[in-house]
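A.B. asks:
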Amino acid sequence: MTETTPSATGQLTGNVLYYNQPEPLNPTTHKGMGVKRIDGPFSFAAKHNLVPLTVSEFQLAVLNGPIIFVGEEKTPLQVMGLNHDENIFVLPTGVFDAGVYVPAYVRRYPFVFANDAQAGQSILCVDRSAAFFAETDPELPFFDEKGEPTEYTQNCLTFCNNYEMERQKTQNFVQLLKALDLFESKESYYTPVNEDGTPGEAQKLADYFGVSEERLRALPAEKFMDLRQSGALNQIFAHLISLAQWDRLVALSMNRQLQLQNQAPQAANS
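Residue numbering for the sequence shown follows our numbering, beginning at 30 and increasing consecutively.
(1) List in chain order: all unbroken alpha helix (DSSP H) runs of 4+ residues lying wholly within the stretch 95 to 132.
(2) With distances taken Cα to Cα, identify the nearest neighbour of F172 among H59, Q290, N49 and Q292.
(3) Report the residue from P70, Y181 and N112 whose alpha carbon sits nearest the alpha carbon of G123.
(4) What residue from T199, F118 and A127 has the CA that sits closest to E86's CA?
(5) What would DSSP say about Q219, mapped onto helix, strand or coil?
(6) At which residues does the alpha helix (DSSP H) containing K233 begin and terminate?
(7) Measuring CB atoms only, is the stretch 214 to 221 touching the stretch 247 to 259, in the sense that at least three cross pairs come out at less than 8 Å?
(8) By a C-beta neighbour count over all protein chains shown, 10 Å radius and 16 as the cutoff for buried, is Q107 buried or exposed?
(9) Out of P167, F118, F125 and I67, state which residue places its alpha-carbon closest to the alpha-carbon of G61.
(10) Any contact of the stretch 275 to 286 with the stretch 107 to 117, i.e. 3+ C-beta pairs under 8 Å?
(11) Using only alpha-carbon positions, find the residue among E101, Q147, N93 and A267 that is nearest to K207.
(12) In whole angstroms, what is the alpha-carbon distance linking T83 and N223?
(13) Going by Cα to Cα distance, which pick from L46, T187, T57 and K103 is closest to E177?
(14) To which residues does DSSP link E52 through a beta bridge?
(15) Give a yes or no on whether the minimum CB-CB distance between I270 and chain B is below 8 Å.
(16) Would you call Q40 buried or exposed, if buried means 16 or more other Cβ atoms sit within 10 Å of its Cβ?
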């Protein structure tokens with residue numbers, strides 16, 4: 030059950046990426062508030078290189094960068110940078126580079142569902158620390174004069190509800206891969222080239238979980254057909270194809286560093 034006006038103010042649980050001050054959205058606390066349009070609306074995503082993905086997004090995100098699985102829960106993540114504090118697809122202007130697929134996790138911000146343990150339900154929250162949160166004179170208010178959710182809020186609620194359904198599909202997808210024992214530990218390396226053209230010392234980029242192609246090929250025919258019929262096979266292939274993007278990510282990261290160096294002010298000659 031999801032609400033925008035919780036009947037109880039129980040303890041909210043959960044620690045969610047990007048959200049520093051989430052509050053249950055209600056017409057009493059947030060009367061006259063809303064959001065405003067700002068330049069650089071995605072600046073909040075610039076300092077994080079890993080973004081959660083839902084399984085339905087795999088085929089859309091495959092060209093961005095590697096899609097990996099991490100942790101005991103095998104959470105699927107989009108790798109959007111090599112450094113933990115840098116998303117190379119977010120430009121210094123606070124917008125995503127042209128042609129980059131923006132994950133739904135990013136697009137739903139500043140809204141998110143949180144668990145209210147006391148009330149036993151999920152309630153819609155908004156991050157009050159968001160740069161585009163407007164305490165007064167919002168361009169897009171949360172509630173109308175009668176205290177009813179505006180069309181903007183209703184659309185955001187619908188988006189969050191759809192995201193939760195996709196998140197459940199993703200959990201089911203991961204459980205299926207676990208049940209078929211398709212996950213294996215993987216490592217990615219980058220081999221730089223020395224000035225004389227010889228290969229340098231390999232550098233590890235990441236440890237993560239991914240689907241084992243060997244185990245996938247070894248599946249019994251009926252299990253393989255089940256994956257195909259359910260559509261899961263397409264998502265598995267998207268994940269495997271995305272792993273070829275590690276080299277592209279390295280190239281983009283190096284190019285980004287060169288651009289920043291060229292833009293840095295030069296010290297005046299003494």
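Note that the Cβ used here is the ideal one computed from N, Cα and C, for glycine as well.
Keep in mind it's a predicted model, so treat the numbers as computed, not measured.
C.D. replies: The short version:
(1) DSSP assignment within the stretch 95 to 132 yields no whole alpha helix (DSSP H) run of 4 residues or more.
(2) Check the Cα spacing between F172 and each of H59, Q290, N49 and Q292: the tightest is with H59.
(3) P70
(4) T199
(5) Rather than Gln, the amino acid found at residue 219 in this sequence is Tyr. Note: Y219 maps to strand in three-state DSSP.
(6) Premise fails: K233 lies in the beta strand (DSSP E), Q232 to V240, not in any alpha helix (DSSP H).
(7) no
(8) buried
(9) P167
(10) yes
(11) E101
(12) 39 Å
(13) Taking only the C-alpha atoms, the option nearest E177 is T57.
(14) V155
(15) The chain inventory of the structure shown lacks chain B, comprising one protein chain alone.
(16) Low confidence applies to Q40: its pLDDT is 41, below 50, so where it sits in the model is not reliable, and the reading given next is rough at best. Label assigned to Q40: exposed.
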